[in-house]
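Undergrad:
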Amino acid sequence: MKTTKTKVKIEVFVPLGSCVCNFAPFMEKIGRVTSRFKDVTEVQMKSNKSSEASKYGVQDMGIVINGKIKLSASFEEKELQDAISQEEQSQR
Numbered sequence: 061m062k063t064t065k066t067k068v069k070i071e072v073f074v075p076l077g078s079c080v081c082n083f084a085p086f087m088e089k090i091g092r093v094t095s096r097f098k099d100v101t102e103v104q105m106k107s108n109k110s111s112e113a114s115k116y117g118v119q120d121m122g123i124v125i126n127g128k129i130k131l132s133a134s135f136e137e138k139e140l141q142d143a144i145s146q147e148e149q150s151q152r
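Basically the numbering used here = 1-based index in the sequence shown + 60.
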């Protein structure tokens with residue numbers, strides 16, 4: 061019997077109605093980190109105008125990990141990497 065691991069949920073909030081050029085570098089940075097954790101993460105893109113964005117207090121661009129760790133658009137890659145590792149460990 062195979063056990064299914066719960067993946068670390070990463071919600072990425074961006075201005076979906078604007079040109080992708082406005083958030084491409086932000087997404088590239090997220091991709092560089094999450095590609096190292098592709099088996100343990102689930103990445104979802106959401107509008108910064110969504111109810112979830114309001115709930116988390118995201119106004120422009122930002123990341124929310126497992127509904128509790130919030131990073132701004134100016135995050136350092138190590139911050140996201142550490143947050144994913146921390147959440148992965150807590151789910152074991």
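Ideal Cβ placement from N, Cα and C applies to all residues, glycine included.
1. Can you tell me whether Thr66 is buried or exposed? The criterion is at least 16 other CB atoms within 10 Å of its CB, across all chains shown.
2. Only counting the same chain, and skipping five residues up and downstream in sequence, which positions put a Cβ closer than 8 Å to that of Ser110?
3. Helix, strand or coil for Lys187? Go by DSSP, reduced to three states.
4. Comparing alpha-carbon positions, which option in Ser114, Val118, Leu140 lies nearest Gly91?
5. Can you give me the Cβ contacts of Lys98 inside the same chain, cut-off strictly under 7 Å, excluding the 5 residues immediately before and after it?
TA: Straight from the coordinates:
1. So Thr66 ends up on the exposed side.
2. Phe73
3. Because the chain spans 61 through 152 in this model, residue 187 falls outside it and cannot be assessed.
4. Leu140
5. none
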